[in-house]
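Residue numbers (my numbering), protein chains in the order written: chain A, 125 to 465; chain B, 125 to 465; chain C, 1034 to 1361; chain D, 1034 to 1361. Glycine residues also receive a C-beta, built at the ideal position from the N, C-alpha and C atoms. The structure under discussion appears below in the form of structure tokens.
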Ligand SMILES: Cc1ncc(C[n+]2csc(CCOP(=O)(O)OP(=O)(O)O)c2C)c(N)n1
Ligand SMILES: Cc1ncc(C[n+]2csc(CCOP(=O)(O)OP(=O)(O)O)c2C)c(N)n1
Ligand SMILES: [Mg+2]
Ligand SMILES: [Mg+2]
């Protein structure tokens, strides 16, 4: 675990977007390893609806970056077959909710294949899924589906929150001999950071959380689209006299218990923040394991700030649903500070 | 909430199995309401692979109890259309893992339809899913998939653990104007209890947990297939001087916070027990919400006894995977009793 | 003509930011209008996300048909009022719904036909296959209309299917398949009417493929120059379904200049009214988020609603503003 | 003949409790054996859960082929050794795998054909549709063999499909479809060989429907008398694929009594060896539960493994028994 500032401090030329960093990760992986194949809906000529596969078909040909028929189970199912033959497919699902048709292939084959063949048949494939809300998408375009993948033994579940991690983690996902569900926070696609495409960041090993902002009063545990919210909340909290630590999980599976527990043991208080619906969402697991490990260090129960337990709302109402700075600060205020004084 | 003994105390004639009670619930619901339609694979002539629909096609005809083509998305998708037209479809999925092909229909339509139509189009349908292990099934026949459904806002998720509840809860599920995922613990299908088919139990409202065994030392929170394990553990614990309370959740959504919190506040200690994989499983949510509500009453963190974080094992190894009495007692022993004395 | 104006007006509204996104059916108006026209009042229409014009042609208020795309609510209309299912965004998922509804109606003895729309891309989904098969096995009174506009976003039909035509897919289910010029409104209407009649008469489902073209980009957010040639678009522009219909009507003496001018005026009026109404800010209550998840709100949702209420009150108090807030 | 003995022996083993469950392919031996025989060594076979006989015919050790059904492990064989994918329990899900593998091989320039097996019921699944379509669009070297045995557990074909034949489904994907007598081993072999050759030659995929019958119940746990008449079974018994083949071979002078007796003896030997080996209790290590979930065991799994280890040690200590335990 390393402690990094929120913005990566690369010796960068000009700022790049997360979408560009992801594109570059795909490109570099394809250039290095001919086994890497990108496939999905509109990933070829169009370069993907978020342009993450822009230019790949041109550079590597249609056989390496393939526009498939419109059928997600077919895409993932054929990718499984390709992985069986030693390729490293990188599948793009166009939006979170449109990955659901491939759920059976994911749960019953992708996640289980290595195990059910006694290790003989690994599944080195990556499933890229743009997820979450905040971009004004119509219904079915803003689901936070990470809880489904976390509850499926055999998958790694990874999500970047910074431009640098977008590159580093996607490279690691593609290089992994295990299947990785790679969740891309839609509303951070256009987030920018100084990042030099000519000296791309190192591959970031999967499974390590990072402290994005050190602090002493309480820990905000978060990932993906909610990292910027938490960093902003931490800044705002200074006015209230709270010095908040912010942990970016980066990898939901495997989970970095050490980094998280070390932080919470030190601060004694924690809030988990995510967009996904609270009930049955990732926050329950996270709060429970933190509590198991830090019980006698806790001044207050681990609280959760999450989306409401409702289907994702229409664009004009989404800002009421999404955890914002105020809601995070409210939760911090409820961490039983009286007890201390 | 009512406090019941483990075995329902009906004025019963002879013992009935859970499968028989479920069959009777379907039968009575169909007899009372012509809108109730049963559909699925092999539910007609064969009466279902677990015989839960036995005799229904004969009594109500093929149109009321229908053998569908072999396609789960099609089954659930057409059931959605039938519900749109005012029917109350009861869909049978043959096994847990074979419900996955219908995941998109469930998440994107069944769970959302009422909400996305401003209440105009409710989804009064029931999806019956045999779930869990312990019956020696080959791979893909023993998944505990409840976490997926809990994480989907818009669904009710219900699971009986007793013969009486099997009847009462299934009747309530079918009568509900909301979609209910009705999870049937496979290994309890042949469990028996005194229960009179001529005086079937009352409809049991959805959303109420029940204390199956009162106790004072600690609370075991469980549901479905793990209830018998917990009751047995509670008996065995007497030898260790522990008087365990056992709460049967019955309904995972909506969740009965009151009953659970009341128990844990009183006992000060709790263990959540389920078969599903621990990581990302129901136990995280349950432990987190109990802790949020009972923090200052807790002598120890809420612990979890769950399946390992692995794909469900082959039959000959499943007993090592399933939470058994010993593992429950081990967890109880780790509830920091020293602190008390 | 009104259909065309609806499309251009809606596209214009996206430019003014009044619609978040609009998947235009310009070029496909013949299919859109015929699909609505062929149904009787008691029948049901199952549209996909591109078919808001068909929804309007069926009688749904244009503003209500567009709320999904404006972003103030999901389905803006009551599906039961005009018997129009919600616009379906997950592709092909509406097809089994149509089959189930059609079957339910027949079981109840009601004279109802369901017409379901899907794109060429959507035929690749498993749900298409399962819906077709269930419909055929059950002999359900349902008609499937594939609007083959040549593309699924950027993906051309040649990467979507190797079948001689999409209508050939009917063979594998044991149902009739029909191929029709999707830009010829009269032809589409005739073929659909035949299929609807067959369904109504107990003859079971039909698959109709209408060959047409999407003149606009996939949505206003799409850049179609990335994947298709201007020439191709121009050729299809020259084979315009609205012009074709006008020509045919004039040819048969059913339309003259006066009448054409009247229709054009009506279309302008409609567009103006639509523009005006869409320019009103919808009044939304954030508390509605919790009201329709379940028949009865759970305690957990009550609690969350109280939390949001308190937040809104605090904001309102701070601002001295009224509690009901407008949406943008 | 050996195939038939394999089926009767395996069914017998279920009665002795040595197999948890066995989905017999009795009656379908012609398809099972032809599917294996038609492939060259470098080709791949994608079996469904009923096809353990085809797996054995392909060269996989019979005990390894049966572990899934005995319950000691999932896939008992190394799929790469004989190029046989795991027996697939979720129906039709193996079909896209076959397509993907075939495509991958072709992209790598390898001369590999994939043959995928599926039942009549499995053709209703969305995965069947998507696999067929991808195969056709990609012109992948894959052959789909539908063993139409008339039933999906209890559901007869008439409730499964309204198509004239399942082979007709090929039309909708733009690939050739073939119908063959599934009890005539030579015919199945000929049709499959043609399809494999076409695939190998770059001619793309083929759908083959073999009409056959499941003589036994769905599995030993099933009661087939609930859904079919003895007469029907008797009629198919009289049209036995093993007898047919024997008759044909004798007719062409390729088999005489001596040779037949020799084959019968061999089959008995195989069955005896199988019985013997299956009667051995498999030695299993519960710690294997954690070893193959990921390439590298996570810390969480390490922790869980330590927990189980401690439990096992405690049990062993209490019993004074060795730590390694046998499985029943
Ligand atoms: C299940 C699913 N997958 C992916 C998408 C994303 N998507 C929206 S429209 C579209 C293309 C649809 O093509 P087609 O069916 O031909 O309809 P058209 O847009 O041409 O009307 C795609 C891939 C979706 N909406 N649903
Ligand atoms: C996706 C899925 N749904 C349901 C099942 C349960 N199931 C096992 S076998 C079977 C019938 C299969 O029929 P068919 O495809 O004709 O093959 P056969 O058994 O006749 O060989 C069913 C429904 C399953 N294994 N997978
Ligand atoms: Mg199209
Ligand atoms: Mg069959």
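* Out of curiosity, what's the CA-to-CA distance linking residue 128 of chain B and residue 446 of chain B? -> Walking along the second chain from the start, residue 128 of chain B turns up at place 4. Walking along the second chain from the start, residue 446 of chain B turns up at place 322. Interpretation of residue 128 of chain B is limited by its pLDDT of 40, a score under 50 that renders its predicted location unreliable; the figure taken from the coordinates is listed afterwards. Cα to Cα, the separation comes out at about 26 Å.
* Anything in the stretch 154-166 of chain B with a Cβ closer than 8 Å to a Cβ of chain D? List those residues in chain order, please. => Taking 8 Å as the Cβ-Cβ cut-off against chain D, the residues of the stretch 154-166 of chain B that qualify are 165 and 166.
* Residue interval of the alpha helix (DSSP H) (run including residue 241 of chain B) -> Counted from its first residue, the second chain places residue 241 of chain B at position 117. That residue, residue 241 of chain B, is in no alpha helix (DSSP H); it is neither H nor E in DSSP.
* Asked: Got a sec: does ligand 3 put a non-hydrogen atom nearer than 8 Å to the Cβ of residue 1181 of chain C?
  -> In the third chain, residue 1181 of chain C corresponds to position 148, counting from 1. A distance criterion of 8 Å places the beta-carbon of residue 1181 of chain C in contact range of ligand 3, judged by its closest non-hydrogen atom.
* Should residue 118 of chain A be listed as close to ligand 1, given that the test is whether its C-beta is under 8 Å from any heavy atom? -> The structure shown does not extend to residue 118 of chain A, since chain A is modelled only from 125 through 465, so no value can be given for it.
* To do: Identify which residue in D/1068, D/1118, D/1137 and D/1106 has its Cα closest to the Cα of residue 1052 of chain D.
  => Along the fourth chain, read from residue 1 onward, the residue named residue 1052 of chain D stands at position 19. Closest option to residue 1052 of chain D, Cα to Cα, is D/1106.
* **For residue 1165 of chain C, three-class secondary structure by DSSP** => Indexing the third chain from 1 puts residue 1165 of chain C at position 132. Note: residue 1165 of chain C maps to helix in three-state DSSP.
* Every unbroken alpha helix (DSSP H) within the stretch 321-373 of chain A, with a cutoff of 4 residues, ordered by chain -> 351-361
* To do: Mind checking who residue 212 of chain B pairs with in its DSSP beta bridge?
  => In the second chain, the residue the question calls residue 212 of chain B occupies position 88. Note: residue 212 of chain B is bridge-paired with B/160 in the DSSP secondary-structure output.
* Asked: Out of C/1227, C/1329, C/1257 and C/1132, which has the shortest C-alpha to C-alpha gap to residue 1070 of chain C?
  -> Taking the third chain and counting its residues from 1, the one referred to as residue 1070 of chain C is at position 37. The residue with the shortest Cα to Cα distance from residue 1070 of chain C is C/1227.
* Asked: Going by Cα to Cα distance, which pick from A/235, A/312 and A/253 is closest to residue 141 of chain A?
  -> Your numbering for residue 141 of chain A matches position 17 in the first chain. Nearest option by C-alpha distance: A/312.
* Whose C-beta lies closer than 6 Å to the C-beta of residue 1164 of chain C among residues of the same chain, with five residues either side of it excluded? -> Counted from its first residue, the third chain places residue 1164 of chain C at position 131. Hits under 6 Å: 1128, 1129 and 1132.
* Asked: What are the boundary residues of the beta strand (DSSP E) that includes residue 1085 of chain D?
  -> Residue mapping note: residue 1085 of chain D aligns to position 52 of the fourth chain, counting from 1. Looking at the DSSP string, residue 1085 of chain D is not in any beta strand (DSSP E); the run it does join, the alpha helix (DSSP H), is 1085-1090.
* **Residues that residue 1241 of chain D contacts on chain F, provided the C-beta gap is smaller than 8 Å** => The displayed structure is made up of protein chains A, B, C and D, and chain F is not among them.
* In chain order, what residues of the same chain lie with their CB nearer than 7 Å to the CB of residue 1356 of chain C, ignoring the 5 residues before and after it? -> On the third chain, residue 1356 of chain C is found 323 positions in, with the first residue counted as 1. With a pLDDT of only 48 at residue 1356 of chain C, under the threshold of 50, the placement of this residue in the model should not be trusted; the figure read from the coordinates follows. Result list for residue 1356 of chain C: 1345, 1346 and 1349, in chain order.
* Pairwise C-alpha distance: residue 145 of chain A and residue 70 of chain A -> Here chain A covers residues 125 to 465 and nothing more, so residue 70 of chain A does not appear.
* Is residue 1175 of chain D near ligand 1, judged by its Cβ being under 8 Å from some heavy atom? -> Sequence index remark: in the fourth chain, residue 1175 of chain D carries index 142 (1-based). Outside the cutoff, so no.
* How about residue 196 of chain B: is its Cβ closer than 8 Å to a heavy atom in ligand 2? -> By one-based count along the second chain, residue 196 of chain B stands at place 72. At least one heavy atom of ligand 2 is nearer than 8 Å to the Cβ of residue 196 of chain B, so yes.
* Proximity test, residue 367 of chain A beta-carbon vs ligand 6 heavy atom, cut-off 8 Å -> Summarising the ligand content, the structure contains ligand 1, ligand 2, ligand 3 and ligand 4 and does not contain ligand 6.
* Asked: Does DSSP classify residue 128 of chain B as helix, strand or coil?
  -> On the second chain, residue 128 of chain B is found 4 positions in, with the first residue counted as 1. Legend: pLDDT at residue 128 of chain B = 40, less than 50; position of this residue unreliable, value from coordinates given subsequently. DSSP places residue 128 of chain B in coil when its eight states are reduced to three.
* Return yes when the Cβ of residue 1135 of chain C is within less than 9 Å of the Cβ of residue 1174 of chain C, no when it is not. => Translated into positions along the third chain, residue 1174 of chain C becomes position 141. Translated into positions along the third chain, residue 1135 of chain C becomes position 102. It is a contact, given that the beta carbons lie within the stated cut-off.
* Near residue 401 of chain A, which residues of its chain fall below 6 Å by C-beta distance, leaving aside the five closest residues on each side in sequence? -> Numbered from 1 along the first chain, position 277 holds the residue referred to as residue 401 of chain A. Cβ within range, chain order: 431 and 433.
* **residue 1041 of chain C - DSSP class collapsed to helix/strand/coil** => As a first step, residue 1041 of chain C must be located in the third chain, where it is residue number 8. For residue 1041 of chain C, the secondary structure class from DSSP, reduced to helix, strand or coil, is helix.
* Tell me where the beta strand (DSSP E) around residue 1239 of chain C begins and ends. => Here residue 1239 of chain C is taken as the residue at index 206 of the third chain, counted from 1. Here the beta strand (DSSP E) through residue 1239 of chain C covers 1239-1244.
* Asked: Of all Cβ atoms in chain C, is any one closer than 9 Å to the Cβ of residue 461 of chain B?
  -> Counting from one through the second chain, the residue named residue 461 of chain B turns up at place 337. Closer than 9 Å: no.
* Along chain B, which residues have their Cβ under 9 Å away from the Cβ of residue 1095 of chain D? -> On the fourth chain, position 62 is the one that residue 1095 of chain D refers to. In chain order: nothing, as chain B lies at least about 17 Å away.
* Asked: How far does the beta strand (DSSP E) with residue 1105 of chain D in it reach, from first residue to last?
  -> Position 72 of the fourth chain, counted from the start, is the residue given in the question as residue 1105 of chain D. Neither: residue 1105 of chain D is in no beta strand (DSSP E) and is coded neither H nor E.
* To do: Can you tell me which of A/280, A/276 and A/253 puts its alpha carbon nearest to the alpha carbon of residue 268 of chain A?
  => Here residue 268 of chain A corresponds to residue number 144 of the first chain, with the count starting at 1. Minimum Cα-Cα distance from residue 268 of chain A among the listed residues A/280, A/276 and A/253 corresponds to A/253.
* Asked: Taking Cβ positions only, does residue 1314 of chain D come closer than 9 Å to chain A?
  -> Translated into the one-based positions of the fourth chain, residue 1314 of chain D becomes position 281. It does not: the Cβ of residue 1314 of chain D has no partner Cβ on chain A nearer than 9 Å.
* Asked: Going along the chain, which unbroken runs of the beta strand (DSSP E) with 3 or more residues stay wholly within the stretch 1148-1234 of chain C?
  -> Counting only runs of 3 or more residues that sit fully inside the stretch 1148-1234 of chain C, the beta strand (DSSP E) segments are 1175-1181 and 1210-1214, in chain order.
* How would you label residue 457 of chain B, buried or exposed, when you count the other beta carbons within 10 angstroms and need 16 or more for buried? -> Looking up residue 457 of chain B in the second chain gives position 333. Label assigned to residue 457 of chain B: exposed.
* **Bridge-paired residues (DSSP) for residue 466 of chain A** => Residue numbering for chain A in the displayed model covers 125 to 465; residue 466 of chain A lies beyond these limits and cannot be assessed.
* Looking at residue 262 of chain A and residue 375 of chain A, is the spacing between their C-beta atoms short of 9 Å? -> By one-based count along the first chain, residue 375 of chain A stands at place 251. By one-based count along the first chain, residue 262 of chain A stands at place 138. Contact: no.
* Asked: What does residue 318 of chain B pair with, by DSSP beta-bridge criteria?
  -> Along the second chain, read from residue 1 onward, the residue named residue 318 of chain B stands at position 194. Looking at the DSSP output, residue 318 of chain B shares a beta bridge with B/139.
* Would you be able to state if there are at least three C-beta pairs under 8 Å between the stretch 229-246 of chain A and the stretch 1150-1158 of chain D? => no
* Element boundaries [beta strand (DSSP E), containing residue 375 of chain B] -> Here residue 375 of chain B corresponds to residue number 251 of the second chain, with the count starting at 1. From DSSP, the beta strand (DSSP E) with residue 375 of chain B extends over 375-377.
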